[in-house]
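My numbering puts the sequence shown at residues 31 to 501.
Glycine included, every Cβ here is placed at the ideal spot set by N, Cα and C.
Notes for the one structure printed next.
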Amino acid sequence: MFLDPEGIIAAPATVPGTGAISIVRISGAGCLEVVDRVVRFAAGNASSSKGGIIKFGRVFSGEDLLDEVMVAIFRNPHSYTGEDSAEITCHASKYIVEEILRILCENGARMAGPGEFTGRAFLNGKLDLAQAEAVADLISSSGKASHKVAMNQLRGGYSNKLEGLREKLVEIAALMELELDFSEEDVEFADRYQLKALVDDTLEHISSLMESFKAGNALKNGIPVAIAGPVNAGKSTLLNALLGEDRAIVSPVAGTTRDTIEEMVNLGGLPFRFIDTAGIRESSDTIEKMGIERTLHKLSGAEIVLGMLDSSSSEEEIRNGLNGIISHFNPNAQKLVILLNKADKIDPNKKVTINNIIVSEVDNKIISSILSISAKTGEGIDFLIKNLVEIGTGIVSTGEETVVSNLRHYNSLASSYDSLKRVRRGIEARLSPDLLSEDLRQSLWHIGSITGHVSTDEILGNIFSKFCIGK
Ligand SMILES: Nc1nc2c(ncn2[C@@H]2O[C@H](COP(=O)(O)OP(=O)(O)OP(=O)(O)O)[C@@H](O)[C@H]2O)c(=O)[nH]1
Ligand SMILES: [Mg+2]
C-alpha cells in the first residue's frame, strides 16, 4: 500500500532557516499525547484540549530548554488531514526543528514521507485526488493567473465538472442496460437516438476540457515564447532585456548561443517562458549543429515565435534570415511576431525597405505584428511587451471557468475520450450493448482516475511522491 494510513507522522511544514519562525506538523490518532510528552505547557495539556486553539509551552532537550513554542491543536475531523493533529511553531533554526522532530520521533511519531499529510487528507475524504494535486500547484503558483486555476481546482470547481461527466457516463451505461433488457423483444429503440445524443454531448464536454489544457499548461508552465532568428540578430540581448538581468552571454561573435536558455517572467499578470535559441544557420561545427537541432525542437513547441532580424544587415541576409524562420514556423498552431532589431543603428528609410521585403516574402496573414526595436537601448520593448500580453491573453482565455492544467488529467481525459469514441462507433454499427460496455467501463475508469474515484497504487505513488515532505 503506497499510502500508509497508520501511525503518527511528523515533518517540518516550512523551510527551516529562512524566516523568523518554523512549523513542525504532527498528525494521526494519539498524536496529541505525543505532543504532551514533548511540550511542557504553561497550563493544561494538548490531549484534553479542544480543537482550534493555540497553547504556549516549552520544549526541553534533556534538561536544557530547547525553545519556547506555540502549539495549534486540531481535532478530527476538523483538520487538514482529517485526523487529530498539531502544528508546533518554533524559532526558525534548523537545529531546533531537527531536535523537535527527533524528540517527537522518540516519543511515538515517525517521519512523514513526501506528500503524506495530503495523502491522508485524500484517504480521509477531505480532498479528492484532483484537489490534492491542486495543493501542489497552489504552492508553486507564481502569478495571479496560475493561482486562479489552482484555487478553482482546490475549491472543487473542477471536481464538480468531472463528477458531472461521470454521471453522464453512468446514465449512458444505464440506457445501454435498458437496451440489453429489451433486446429479446423486438422493440425499435427511439432510445438509440437518445443514447447517441448523450454520447455526443459527453464527447463534446470532454473535448472542451481537453482543449483548455493548452491554456492550463501555458498558465502553469509559462506561455512558451521562442526567440529565433539568424546568428547575431540580438536574440540573447533581447532575453536579457526582458529579464532585466544578464542571463545569456552576448557577443558580436556569430554563433555565441549554443544551448537553449529558458526563463520565466511575469508580464501583465501572465507567466511567459522565454526561450533564447542558437542562431539558425548552416554549420559544420558538431556542437553548434546540436544547438540548432534543439532550437528547432523548441521552436516547434512554442506558442509564440519572436522572429528576430538584424535590420542593419544586408537585404540578402534579411531575406535569408526571414526564410529560415518561416520554414520552421507553424501558422496553424503558433503566433509570429517579427522583430526588426538594432533600430538604433539604421536610418528610418531602411525600415520601409525591410517592411517591403517582408511583405513580398511572407503571407501577411501569418504575421501577428512587425515591430521595430532595439534590444540594446530598450527602444520599442514596452510596445513588444504590450503585444505579448495581448497575444498571451488570447492563448490563456478559454471562456471556461474550469481549466485543465495537469498532464496526468489531460492524458486521462484523452483516454476516456478515445474509449467513448469507440462506444460511439459501436452504436453506429449497431453493436449490441454488451459489446459496448467494456469501452464504456474504460471511459468511466479514466474519468474516475482523475479525482480518485478509482485509483491504483501506481497512480497514488506517482502523485504523492512528487510532493515535498511536510505537505
Ligand atoms: N546596436 C545594436 N546592437 C545590438 C542590438 N542588439 C544586439 N546587439 C549587438 O549584436 C551582437 C549580437 O548580440 P547577441 O544578443 O549575442 O545576438 P544573438 O542573436 O544572441 O547571437 P547568437 O547567439 O550568436 O545567435 C552583440 O554585439 C550585441 O551587443 C541592438 O539593438 N542595437
Ligand atoms: Mg545568443
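Asked, Found
"Glycine 143 - DSSP class collapsed to helix/strand/coil", "coil"
"Alpha helix (DSSP H) segments (min. 4 residues) lying fully within the region 77-142", "124-136"
"Glycine 478, DSSP secondary structure in three states", "helix"
"Of the listed residues Val229, Thr383 and Val392, nearest to phenylalanine 359 (C-alpha basis)", "Val392"
"Of the residues Leu272, Tyr188, Ala73 and Thr111, the one placed nearest serine 435, counting alpha carbons only", "Tyr188"
"Residue from Leu199, Gly337, Leu239 and Gly354 with nearest C-alpha to glutamate 468", "Leu199"
"Local conformation of glycine 337 per DSSP, three classes", "strand"
"Rounded straight-line distance, which links the Cα of glycine 285 to that of valine 261", "6 Å"
"Delimiting residues of the alpha helix (DSSP H) encompassing leucine 414", "411-426"
"Segment contact flag, the region 243-250 with the region 408-426, C-beta cutoff 8 Å, min 3 pairs", "yes"
"CA nearest to the CA of valine 68, picked from Glu207, Val99 and Ile279", "Val99"
"Aspartate 306 beta carbon near ligand 2 (any heavy atom closer than 7 Å)", "yes"
"Residue span of the beta strand (DSSP E) that contains arginine 303, given as start and end", "300-306"
"Under the three-state DSSP convention, the category alanine 59 falls into", "coil"
"Cβ shell of threonine 287 (< 8 Å), same chain only, five flanking positions each side left out", "Lys265, Ser266, Ala278, Ile279, Asp306, Thr307, Ala308, Gly309 and Gly321"
"Distance cut-off 7 Å: alanine 284 Cβ against heavy atoms of ligand 4", "As presented, the structure is devoid of ligand 4, carrying ligand 1 and ligand 2 as its sole ligands."
"Reduced DSSP category for arginine 277 - H, G, I as helix; E, B as strand; rest coil", "coil"
"Neighbourhood of serine 271 by C-beta, 7 Å cutoff - its chain only, sequence neighbours within 5 removed", "Before going further, note that residue 271 is alanine rather than serine in the sequence given. Excluding residues within five positions, the ones whose Cβ falls inside 7 Å are Ala405, Gly408 and Ile411."
"Residue range of the unbroken beta strand (DSSP E) whose run includes leucine 33", "No beta strand (DSSP E) holds leucine 33; DSSP gives it neither H nor E."
"Segment contact flag, the region 152-169 with the region 483-493, C-beta cutoff 8 Å, min 3 pairs", "yes"
"Contact check, serine 115 vs phenylalanine 104, beta carbons under 8 Å", "yes"
"heavy atom of ligand 1 below 7 Å from serine 314 C-beta", "no"
"Within 8 Å, strictly: CB atoms of leucine 228 and isoleucine 202", "yes"
"Arginine 303 beta carbon less than 8 Å from that of isoleucine 253", "yes"
"heavy atom of ligand 2 below 7 Å from alanine 271 C-beta", "no"
"Buried or exposed by the 16-neighbour rule on C-beta atoms within 10 Å, applied to alanine 175", "buried"
"Rounded C-alpha distance that separates leucine 195 from serine 495", "28 Å"
"beta-carbon alanine 278 near ligand 2 non-hydrogen atom, thresh 7 Å", "yes"
"Any non-hydrogen atom of ligand 2 closer than 7 Å to lysine 21 Cβ", "Residue numbering for the chain in the displayed model covers 31 to 501; residue 21 lies beyond these limits and cannot be assessed."
"Check: threonine 481 C-beta below 7 Å from any heavy atom of ligand 2", "no"
"Straight-line gap, alanine 204 to leucine 466 (C-alpha atoms, nearest Å)", "12 Å"
"DSSP three-state assignment for arginine 185, whether helix, strand or coil", "coil"
"Opening and closing residue of the beta strand (DSSP E) in which asparagine 371 lies", "365-371"
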